[in-house]
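Q: The following block contains the structure, expressed as structure tokens.
Protein chains in written order, with the working numbering: chain U, 1 to 254; chain D, 1001 to 1307.
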């Protein structure tokens, strides 16, 4: 299913004995047989114990190949892999901050939080209205206990500005404690981490890095933390924002 | 059932399919994913005397027909390797080969002794060719005289089989191979990765944090195959082919060029079943050809003149 910004939501039927993934975990997918590496995709949903959902943005050869896979074809996946988000405490609001395709990393968490009727605010940002993936989060429900807000850089939908500005705007209005969950471009993650730290709120981020083995063997996908390099595949992909060393130089793009 | 077993000195392997250093870490990470029962030996991730943090990320870049890596020899150091990683790896049902990387002759000797004296270790591979760690004007991997020194010293420190992993970027790989053989190496692994890089044009920057890295995968197969061809003609010790092996036929190419065994590395990333599929593919080919073991294939292409 095409969803927006050249992104696709895939549903894979998995065997009955397939282990239930936890929000934050990912799978390593063989997108094209001739490629040297699998591609890691966050679990974006898991239904009835049989349907694994992946939200994939086309960025290159592998994702393009996967997007063009025929309906009904068999896909080779490895996983679920990696660690998971820490569920919010009973008294904590969950604040989800997703930038662009970062929705893929938080969607499954949002669904779980909705089922649990946990107090949740999901913030989704993108460049412009047509690119927004907020509709992939569950519909707002639960008498306002679960809400979704959007931000666009050009103001064509929702808050006019960065999703991190929306976060700063909203954070002061939250009642009680909150726990922040973020997934998106490095620059956004860095800003979310800064805001969380300034507000004294716990914050976990789902980090993306090019991966080879996916099981912590090759040390290829490391993320810099206060305690040294840690693998995104095994030690992560979820990291405590306070542990991360997020340098401006590592932000995406020129 | 054909017998796939091969031996390098006292290192007896039930199949000629070894796992290359670096790709499977310390082994246990791949427990349950790789069928280690089909593997001849596991060459563990290279260890150094001191722990190493490794290079700054990104450390990987996929390229046409290959993978660039610049891990920078990240490892826990020999002490923790022996205390923590080795006991875990020894649960796996395949012989273990320690890969060691020294900064100088003394370090190689120290590492060979420390690894060699552990009963869990069946053999020691000297990594003289990791392309990401350089200290001198003429690098070790290209210097036959210094390779000879390293192997001689390591040889005095352990009686276990010594494998020396050569670099395809040495100008004269055959001379390095012969130096290693004369110094007492039991086998030569041919070989390591080739140097390479890619640039992200939008970011106007190298794709690897270290700028350059080592190229592995399919692109390496014809390069290292030609080197196995040359080296195996110039030495009498077994040669192990490594680089781009994904199928049983790739393994047979190396064997027919003169290799006794192969190492599988990058292929494990796309398919952890690759080593066992290669082993079962080899068994099928042997059966098809009515052979009882692999030895008739070794160097077979040379006997046919090599068109």
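Built from N, CA and C at the ideal position, the CB exists for glycine as well.
1) Name, please, each residue of chain D whose Cβ falls closer than 7 Å to the Cβ of residue 18/U.
2) Tell me, which residues are paired with residue 66/U by DSSP?
3) Suppose the cutoff is 8 Å on Cβ atoms and the five residues either side in sequence are ignored; what does the same chain contact list for residue 1008/D look like?
4) Mapping DSSP to helix, strand and coil, what is residue 137/U?
5) Just to confirm the assignment: which complete beta strand (DSSP E) runs, minimum length 3, are found wholly within the stretch 165-208 of chain U?
6) Given 8 Å as the limit, is there contact between the stretch 89-106 of chain U and the stretch 116-135 of chain U, that is, 3 or more CB pairs closer than that?
7) Can you check which of these residues, 43/U, 225/U, 243/U and 18/U, is closest to residue 26/U by C-alpha distance?
8) According to the neighbour-count rule (16 or more other Cβ atoms, all chains shown, within 10 Å of its Cβ), is residue 1250/D buried or exposed?
9) How about residue 1004/D and residue 1283/D: do their beta carbons lie closer than 8 Å?
10) Would you please verify whether the beta carbon of residue 101/U is less than 8 Å from any beta carbon of chain D?
11) Taking Cβ positions only, does residue 45/U come closer than 8 Å to chain D?
12) State the Cα-Cα distance for the pair residue 1234/D and residue 1095/D, rounded to the nearest angstrom.
13) So, residue 232/U versus residue 209/U, is the Cβ gap smaller than 8 Å?
14) When you compare only the Cα positions, how much space is there between residue 29/U and residue 1047/D?
15) What does the alpha-carbon distance come out to for the pair residue 1061/D and residue 9/U?
16) Based on the DSSP secondary-structure assignment, which residues constitute the bridge partners of residue 152/U?
17) Determine the chain D residues that contact residue 180/U at a beta-carbon separation under 8 Å, and present them in chain order.
18) Measure the C-alpha to C-alpha separation of residue 196/U and residue 125/U and round it to an integer number of angstroms.
19) Take the Cβ of residue 1243/D as the centre, count every other Cβ of all protein chains shown within 10 Å, and call the residue buried at 16 or more, exposed below.
20) Got a sec? Which residues, its chain only, sit under 7 Å from residue 1291/D by beta carbon, not counting five neighbours each side?
21) Could you check whether the Cβ of residue 37/U sits closer than 8 Å to any Cβ belonging to chain D?
22) What's the C-alpha gap between residue 1148/D and residue 1183/D?
23) Would you tell me roughly how many angstroms separate the C-alpha atoms of residue 1278/D and residue 200/U, rounded to the nearest one?
24) Strictly under 8 Å for the Cβ-Cβ distance: is residue 241/U near chain D by that measure?
25) Specify the secondary structure class of residue 1081/D as computed by DSSP and reduced to three states.
26) Return the CA-CA distance between residue 1042/D and residue 1125/D, expressed in angstroms with no decimal places.
A: Well, looking at it:
1) For the C-beta of residue 18/U, not a single chain D residue is nearer than 7 Å; the gap to the nearest is close to 15 Å.
2) Beta-bridge pairing links residue 66/U to no other residue.
3) Counting only Cβ-Cβ distances below 8 Å, and skipping sequence neighbours, we find 1123, 1161, 1163, 1186, 1187, 1238, 1240, 1260 and 1261.
4) Three-state DSSP puts residue 137/U in coil, outside helix and strand.
5) You should have 178-183 and 203-206.
6) At 8 Å Cβ cutoff, the stretches touch.
7) Measuring from the Cα of residue 26/U, the nearest candidate turns out to be 43/U.
8) Taking all protein chains shown into account, residue 1250/D has 16 or more neighbouring C-beta atoms within 10 Å of its C-beta and is therefore buried.
9) Less than 8 Å separates the beta-carbon of residue 1004/D from that of residue 1283/D.
10) With 8 Å as the cut-off, residue 101/U does not count as an interface residue toward chain D.
11) Residue 45/U does not count as touching chain D.
12) Straight-line Cα distance between these residues: approximately 28 Å.
13) With a cutoff of 8 Å on beta-carbon distance, residue 232/U and residue 209/U are scored as near each other.
14) For residue 29/U and residue 1047/D, the distance between alpha carbons rounds to 30 Å.
15) C-alpha separation (whole angstroms): 26 Å.
16) For residue 152/U, which the question treats as bridged, DSSP gives the partners 126/U and 160/U.
17) Those do not exist, as residue 180/U stays about 24 Å from chain D at its closest Cβ, beyond 8 Å.
18) Rounded to the nearest angstrom, the gap between the Cα atoms of residue 196/U and residue 125/U is 17 Å.
19) Per the 10 Å Cβ criterion, buried.
20) The residues 1002, in chain order, have a CB closer than 7 Å to that of residue 1291/D in the same chain once the five nearest residues on each side in sequence are set aside.
21) Taking Cβ atoms only, chain D reaches closer than 8 Å to residue 37/U, which makes this a yes.
22) Taking the CA atoms as reference points, residue 1148/D sits about 5 Å from residue 1183/D.
23) Approximately 54 Å between the Cα atoms of the pair.
24) At a cut-off of 8 Å, the C-beta of residue 241/U has no neighbouring C-beta in chain D.
25) Looking at residue 1081/D - three-state DSSP - the assignment turns out to be helix.
26) Taking the straight line from one Cα to the other gives about 11 Å.
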